[in-house]
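> Protein chains in written order, with the working numbering: chain H, 656 to 1007; chain G, 9 to 264; chain Y, 352 to 681. Every residue gets a Cβ at the ideal spot worked out from N, C-alpha and C, and that includes glycine. All values derive from a computational prediction rather than experimental measurement.
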Amino acid sequence: MSRLKPAHWFGLALVAIALLALPLVLTQVGTAWVRIANFAILFVFLSLGLNIVVGMAGLLDLGYIAFYAVGAYTWALLASPHFNLHLPFWAILPLGALLAGMAGAILGAPTLRLRGDYLAIVTLGFGEIVRIFMNNLSAPFNITNGPKGITRIDGFGAGGVNFSTTDTLFGIAFTGPAKYYYVLLVLMLLVIVVNLRLQNSRIGRAWVAIREDEIAAKAAGINTRNIKLLAFAMGASFGGIAGGMFAAMQGFVSPESFVLHESIMVLAMVVLGGMGNVWGVIAGALLLSFVPEFLRYTVEPAQQAIFGRLLIEPEVLRMLIFGAALVLTMRFRPAGLWPESRHKREMGERRA
Amino acid sequence: MREVLLEARGIGKRFGGIHALKDVSLTIRAGEIYGLIGPNGAGKTTFFNVLTGLYSRDAGEVLFAGGPLELGSPHLVARAGIARTFQNIRLFGNMSALENVMVGRHVRTSAGVLGAILRTRAQRAEEAAIRRRAEELLRYVGIHHRAGDLARHLAYGDQRRLEIARALATEPKLLALDEPAAGMNATETAALRQLVEGLRADGLTVLLIEHDVKLVMGLCDRVAVLDYGEKIAEDVPEIVQRDPKVIEAYLGGSVG
Amino acid sequence: MDILLQQIINGLTTGSVYAIVALGYTMVYGVIQLINFAHGEVVMIGAMVAFSVIMALVGMGLPLPPFVIVLGGVLAAVPVCMAIGYLLERVAYRPLRHAPRLAPLITAIGMSIILQHLALLVWGRDPRAFPQIMENASFAVGGAAISSVQIAIILLSVTMMAGLTWFVYRTRFGIAIRATAEDVRVAGLMGVDANRVIAATFTIGAALGAVAGVMYGTYYGIAHYTMGFILGLKAFSAAVLGGIGNLAGAMLGGILLGLVEALGAGYIGDMTDLCRWPVFGELLAERCAADGHVVLFGSNYQDVFAFLVLILVLVFRPSGLLGERVAERA
Ligand SMILES: Nc1ncnc2c1ncn2[C@@H]1O[C@H](COP(=O)(O)OP(=O)(O)OP(=O)(O)O)[C@@H](O)[C@H]1O
Ligand SMILES: [Mg+2]
């Protein structure tokens, strides 16, 4: 670890202040934008979770959103009037992570000794299976409430603060979404630290080694099956945590929120940003979170103005962009817009 | 006579119709350099792959360091103390040279996910030790100046050395090298020879596949010859060299 | 009515469709050892194109026999899908043939998302209902019924399977395909143009997929821009069940999967009816008396079977029923 210079500290402080002030500024523009920022952070979180699986270990997980669903439903069922349970976040969030991680391990176990394509297709299928269960586990016993979903889910609450209402502190009004912003920010910092630390650890190196050459990794003494399973379960548990936060923030979950396209979106963020590179993934997630929102506000009026009607819905355009991002990145910049640079870091350290 | 380190008994391996290994038995003694030669397609690499657990075997067993060797899982073979290099170099291309060697320490270290996330004292100490050892090994094979470069950017000869360093990082008792001199020029080959002799001097046992007859004959204490999956000779180089069966295999088959 | 026989007939019908789609996966996998993730979308587009053509033909009000109208749909769908299959290979696979394995999988996923949403743009978000032009005559077979559409699907599928088998085993080009599947390098040495062969497997697979799409659409009377996803997943499971890369395996796997699914859907409700179970029956006596049964998993779980089959095969016999184990070269 190199020591930070004063200039760095100053830069960091600026970033920190900007991040802290952002929701207050956005609130002025419109609370909708705070929500958008929250979802962007949630996607950063999800992307960094998936980065462990896809970016570091090179395992193509296409059902990531299913683990998100596991986390979301864990929260929804344990903190809502549905079963009249209202457990606190510190109990549900880890439980959601655990359940999602277990689901990941169970799913990964049969496929991880096979070629990567099988994992991809099994995870793809799993996403669909989870949705079928969410949709149908309302009869004969009502567990998930079916397609109607679960409503009136408890928000996040800690230290007597209710995160769903507006509070005023030092004369500044903090709306519900603004408060969630700070919780998500903390979680995001956490996942960034986890990613960075894992990247340069014994396990992280084993993941990258497997991605680079599985046979050589085996011969070098890595128990590839267990190490892959670990990556897979870890990624899944991050999905579980994000899902829990999603449920808390929305106050409502239904199977519709967990479709395949969401998995593809997260994958596109990781791929576009740069598989394996934490900062690249973050940038990819932010970019692909904001661009569609931006389009939503521009493309629709533009089409109305030019054609007099809506030709391409923003939703469709968004998915087309994600698809194109996957294809074009792989074709022209397979390492992503901000590639992982393992050697540069080493060189910098040597000079320092 | 030195003690036996590895004893392979009746190893057999088929690929569909091809009988790549037929009842191959051989004995390697601690501290020696043991050559494995034979014409192209004789089954040398296949023997390595079976020995290191990458291929399942159809028959036979291996005793290593006094106990049976679990051939099912490559990582257990590595843990038992067998490390290898590959004929067609297999490095972790997008990792630095140093990191490649650090990966080799995996099997001798233990830090887990939690240790890494929390940066526990034990984890940091272990990580520092891994790095130190990896740097030492890079120096040992003579490519320390390339530590920070991506493996795929190294010159061919350096890649071969890096692969050896990675193998050494697993603290093997037996180092198996699959044609380490292939594609090297005379100078590089001479340097490699020095490196391997140094390894023996440091007490390591080496199993060497090599086509360069001069290198094998000069370096090895004993040599086994494979032909069409069968061991046709095993002895000190001087005797093997004059064995009519060996001469026949090399002249009858493709050029060795 | 004989439920068992009926479900077998239904299973054979959907199974034939799965088999035809599975052939597309297996052929591509055979030559390049990659899953063509976008194959399901090709099938969907086949159904959609046929739908449009059939609607147009019906709309013209010509006195054409229904058979000719559907044939028109097929004849339009096949070339469109072949073009898409070819395009897929050129865009998503060929440029990445020497890239890490992850790369073509990711582009293929991207292509499949793009195709799906282009279809959405063209055909809309709502399911499109095929016009009921085939008078659905059904024939009684030993206590069950088989409809003319079912007969047509099964016959057509068998014909296509036979045709493909003939093509692959009896023609020069078919032999080139098999040689490439065996070993690309050796095939190249024997003068086989690998690029042509690979492109051909994509296009042939797509042509089969197009027909499968039309069959599926006419059978269920509906086409939707997302239908390719689950259909593709099932067909892939079928291919793995039979042994991926193996033509006969894909056919067998498809039929078996169709049967498993139909029989599963037919009986799972009865089997998981808690009222028929000793302990639960007593626990739930009141509800059982009121509703007659308390079904844990009904036929709405039908889509789960393919997935279960896939997982079970991967756990117990990853090489599939007819596939052989090949070691990865170290
Ligand atoms: N994974 C495999 N699948 C099928 N056949 C194989 C496989 N690996 C090796 N073979 C075959 O087994 C035989 C022995 O091959 P092997 O690579 O062990 O020879 P070798 O002695 O190392 O030759 P070379 O000197 O050329 O490296 C050859 O006929 C080869 O084609
Ligand atoms: Mg060899």
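Is glycine 49 of chain G near ligand 1, with its Cβ less than 7 Å from a heavy atom?
Mapped onto the second sequence, residue 49 of chain G falls at position 41. Yes.
> For alanine 454 of chain Y, which residues from the same chain have a beta carbon less than 8 Å from its beta carbon, with the 5 sequence-adjacent residues on both sides left out?
For the purposes of this step, residue 454 of chain Y is taken as the residue at position 103 of the third sequence. Within the same chain, alanine 454 of chain Y has close Cβ partners Leu447.
> When Cβ atoms are compared, which residues of the region 54–86 of chain G fall closer than 9 Å to chain H?
From the region 54–86 of chain G, only Thr60, Gly61, Leu62, Ser81, Pro82, His83, Leu84, Val85 and Ala86 have a Cβ closer than 9 Å to chain H.
> Residues of the region 370–400 of chain Y in Cβ contact with chain H at a cutoff of 9 Å, in chain order, please.
Cβ contacts with chain H: Tyr380, Gln384, Leu385, Ile386 and Phe388.
> According to DSSP, is serine 81 of chain G part of a helix, a strand, or is it coil?
Start at 1 with the first residue of the second sequence, and residue 81 of chain G comes out as number 73. Correct three-state label for serine 81 of chain G: coil.
> Please list, in chain order, all residues of the same chain as valine 425 of chain Y whose beta carbon is under 8 Å from its beta carbon, the five residues on each side excluded.
Residue mapping note: residue 425 of chain Y aligns to position 74 of the third sequence, counting from 1. The answer, listed in chain order, is Ala401, Ala561, Val562 and Val565.
> Output the distance between the C-alpha atoms of valine 731 of chain Y and serine 588 of chain Y, rounded to the nearest integer angstrom.
The question about residue 731 of chain Y has no answer, for chain Y in this structure spans 352 to 681.
> Check the Cβ of leucine 582 of chain Y against every Cβ in chain H and list those closer than 7 Å, keeping chain order.
As a position in the third sequence, residue 582 of chain Y is number 231, starting the count at 1. Chain H residues near leucine 582 of chain Y: none, gap ~12 Å exceeds 7 Å.
> Return helix, strand or coil for tyrosine 691 of chain Y, following the three-state DSSP convention.
Residue coverage of chain Y in this structure runs from 352 to 681, which leaves residue 691 of chain Y outside it and unanswerable.
> Verify whether the separation of the beta carbon atoms of glycine 751 of chain H and glycine 890 of chain H is less than 8 Å.
On the first sequence, residue 751 of chain H is found 96 positions in, with the first residue counted as 1. On the first sequence, residue 890 of chain H is found 235 positions in, with the first residue counted as 1. Going by C-beta atoms, glycine 751 of chain H is not nearer than 8 Å to glycine 890 of chain H.
> Taking only three categories from DSSP, how would you classify alanine 678 of chain Y?
Within the third sequence, residue 678 of chain Y is the residue found at index 327, counting from 1. No answer about alanine 678 of chain Y holds up, because its pLDDT of 48 lies below 50 and its placement is not dependable.
> Please list the segments of the beta strand (DSSP E) lying wholly inside the region 169–202 of chain G, counting only runs of 3 or more residues, in order along the chain.
Those beta strand (DSSP E) runs which fall completely within the region 169–202 of chain G and span 3+ residues are 182–186.
> Flag this pair as touching only if the region 10–23 of chain G and the region 184–196 of chain G have three or more C-beta atom pairs under 8 Å; answer yes or no.
Counting Cβ pairs under 8 Å, fewer than three are found: no touch.
> If you measure from the CB of lysine 52 of chain G, is any heavy atom of ligand 1 nearer than 7 Å?
What you label residue 52 of chain G is simply residue 44 of the second sequence in a count that begins at 1. Because some heavy atom of ligand 1 lies under 7 Å away, the Cβ of lysine 52 of chain G counts as near it: yes.
> Compute the minimum distance between the beta carbon of phenylalanine 587 of chain Y and the heavy atoms of ligand 4, and state whether it is under 7 Å.
With respect to small molecules bound, the structure shown includes ligand 1 and ligand 2 and not ligand 4.
> How should valine 646 of chain Y be labelled, buried or exposed, when 16 other C-beta atoms within 10 angstroms of its C-beta is the threshold for buried?
In the third sequence, counting from the first residue as 1, residue 646 of chain Y sits at position 295. So valine 646 of chain Y counts as buried.
> Less than 7 Å between the CB of isoleucine 26 of chain G and some heavy atom of ligand 1, yes or no?
Taking the second sequence and counting its residues from 1, one reaches residue 26 of chain G at position 18. Yes, Cβ of isoleucine 26 of chain G sits closer than 7 Å to a heavy atom of ligand 1.
> Within 8 Å (strictly less), CB to CB, does glycine 929 of chain H reach chain G?
Against the first sequence, residue 929 of chain H aligns to sequence position 274. Taking Cβ atoms only, chain G never reaches closer than 8 Å to glycine 929 of chain H, which makes this a no.
> Within the continuous alpha helix (DSSP H) that includes glutamate 995 of chain H, where are the two ends?
Numbered from its first residue, the first sequence carries residue 995 of chain H at position 340. Run containing glutamate 995 of chain H: none; DSSP gives neither H nor E here.
> Is DSSP giving alanine 407 of chain Y helix, strand or coil here?
Counted from its first residue, the third sequence places residue 407 of chain Y at position 56. Three-state result, alanine 407 of chain Y: helix.
> Any beta carbon from chain H within less than 8 Å of glutamate 107 of chain G's own beta carbon?
Translated into the one-based positions of the second sequence, residue 107 of chain G becomes position 99. It does; some Cβ of chain H falls within 8 Å.
> Tell me the residue span of the alpha helix (DSSP H) that contains leucine 472 of chain Y.
Start at 1 with the first residue of the third sequence, and residue 472 of chain Y comes out as number 121. Its alpha helix (DSSP H) spans residues 453–474.
> Look at the alpha carbon of valine 689 of chain H and the alpha carbon of leucine 965 of chain H, and state the distance between them as a whole number of angstroms.
Along the first sequence, read from residue 1 onward, the residue named residue 689 of chain H stands at position 34. Along the first sequence, read from residue 1 onward, the residue named residue 965 of chain H stands at position 310. Rounded to the nearest angstrom, the two C-alpha atoms are 27 Å apart.
> With DSSP as the reference, label glycine 325 of chain Y as helix, strand or coil.
Since the first residue shown for chain Y is 352 and the last is 681, residue 325 of chain Y is missing from the structure and cannot be characterised.
> Within a Cβ cutoff of 6 Å, which residues of the same chain sit near arginine 1000 of chain H, ignoring the five residues on either side of it in sequence?
Along the first sequence, one-based indexing puts residue 1000 of chain H at 345. Model confidence at arginine 1000 of chain H stands at a pLDDT of 45, short of 50, so the residue's coordinates are unreliable and nothing is read from them.
> Going along the chain, which residues of its own chain have a beta-carbon closer than 6 Å to the beta-carbon of isoleucine 619 of chain Y, five neighbours each way excluded?
The residue labelled residue 619 of chain Y in the question sits at position 268 within the third sequence. Correct list, in chain order: Phe648.
> Restricting to runs no shorter than 4 residues, where is the alpha helix (DSSP H) found entirely within the region 589–642 of chain Y?
Those alpha helix (DSSP H) runs which fall completely within the region 589–642 of chain Y and span 4+ residues are 598–622, 629–634 and 636–642.
> With a threshold of 6 Å on Cβ separation, who are the neighbours of arginine 1005 of chain H within its own chain once the five nearest residues in sequence on each side are excluded?
Counting from one through the first sequence, the residue named residue 1005 of chain H turns up at place 350. Confidence is the limiting factor: at arginine 1005 of chain H the pLDDT is only 38, short of 50, which leaves the residue's position unreliable and the question unanswerable from this model.
> Take the Cβ of proline 765 of chain H as the centre, count every other Cβ of all protein chains shown within 10 Å, and call the residue buried at 16 or more, exposed below.
Taking the first residue of the first sequence as position 1, residue 765 of chain H is located at position 110. So proline 765 of chain H ends up on the buried side.
> Could you tell me whether the Cβ atoms of phenylalanine 694 of chain H and serine 944 of chain H are closer together than 8 Å?
Mapped onto the first sequence, residue 694 of chain H falls at position 39. Mapped onto the first sequence, residue 944 of chain H falls at position 289. It is a contact, given that the beta carbons lie within the stated cut-off.
> Does the beta carbon of arginine 780 of chain H come closer than 8 Å to any beta carbon on chain Y?
Start at 1 with the first residue of the first sequence, and residue 780 of chain H comes out as number 125. For the record, residue 780 of chain H in the displayed sequence is glycine; it is not arginine. Chain Y, which has a Cβ nearer than 8 Å to the Cβ of glycine 780 of chain H, makes this yes.
> Grouping DSSP H, G and I as helix and E and B as strand, with all else coil, what is methionine 1002 of chain H?
Taking the first sequence and counting its residues from 1, the one referred to as residue 1002 of chain H is at position 347. Because methionine 1002 of chain H carries a pLDDT of 38, less than 50, the predicted location of this residue cannot be relied on, and the following value inherits that uncertainty. Of the three classes helix, strand and coil, the one that applies to methionine 1002 of chain H here is helix, per DSSP.
> What would DSSP say about valine 221 of chain G, mapped onto helix, strand or coil?
For the purposes of this step, residue 221 of chain G is identified with residue 213 of the second sequence, where counting begins at 1. In the structure shown, valine 221 of chain G sits in a helix (DSSP, three-state: H, G or I).
> Relative to the C-alpha of histidine 468 of chain Y, which residue among H:Pro994, H:Ile976 and H:Asp772 is closest?
As a first step, residue 468 of chain Y is located in the third sequence; it is residue number 117 there, counting from the start. For the residues H:Pro994, H:Ile976 and H:Asp772, the minimum Cα distance to histidine 468 of chain Y belongs to H:Ile976.
> Counting pairs of Cβ atoms below 8 Å between the region 876–896 of chain H and the region 660–673 of chain H, do you hit three or more?
No: the two stretches stay apart, fewer than three of their Cβ pairs being nearer than 8 Å.
> Is it the case that the CB of phenylalanine 94 of chain G approaches a heavy atom of ligand 1 more closely than 7 Å?
Taking the second sequence and counting its residues from 1, one reaches residue 94 of chain G at position 86. No, Cβ of phenylalanine 94 of chain G sits at least 7 Å from all heavy atoms of ligand 1.
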